[in-house]
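Asks: With this note's numbering applied, the sequence shown covers 5 to 86. Cβ coordinates follow ideal geometry from the N, Cα and C atoms, glycine included.
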Amino acid sequence: SVADRSEAIFDKSVLLVKDDGSANTHEEQTNLTNPEELTKSDGWMRATAPNGNPDFENVIGWTNSLGYGEREPEKGQTMEEE
5 SVADRSEAIF DKSVLLVKDD GSANTHEEQT NLTNPEELTK SDGWMRATAP NGNPDFENVI
65 GWTNSLGYGE REPEKGQTME EE
């Protein structure tokens, strides 16, 4: 989460890729991103997650990526019974 709305607003200089095709980061504005993940193939892919729909828990949602292989599925959000 962010402390105020201005930390969650990003302009083109942050959202578009750099001239060399690498991903921009917005770490100077917030700490919501792992910059190391963005250097890997398809670093922005996780933005297409299924919005917490329980039908997709523990289901691989992306195709394999060159240089990375198969990504683990998103973990479920249900609590384990104690």
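Distance check for residue 74 and residue 9, CA to CA, integer angstroms please.
Replies: Along the sequence shown, read from residue 1 onward, the residue named residue 9 stands at position 5. Along the sequence shown, read from residue 1 onward, the residue named residue 74 stands at position 70. Approximately 35 Å between the Cα atoms of the pair.
Asks: Tell me the rounded alpha-carbon separation between residue 77 and residue 68.
Replies: Along the sequence shown, one-based indexing puts residue 77 at 73. Along the sequence shown, one-based indexing puts residue 68 at 64. Cα to Cα, residue 77 sits roughly 12 Å from residue 68.
Asks: Could you check the C-alpha separation between residue 91 and residue 6 for me, to the nearest Å?
Replies: Here the chain covers residues 5 to 86 and nothing more, so residue 91 does not appear.
Asks: Hey, could you find the ends of the alpha helix (DSSP H) residue 19 is sitting in?
Replies: Indexing the sequence shown from 1 puts residue 19 at position 15. Looking at the DSSP string, the run of the alpha helix (DSSP H) that includes residue 19 is 16 to 19.
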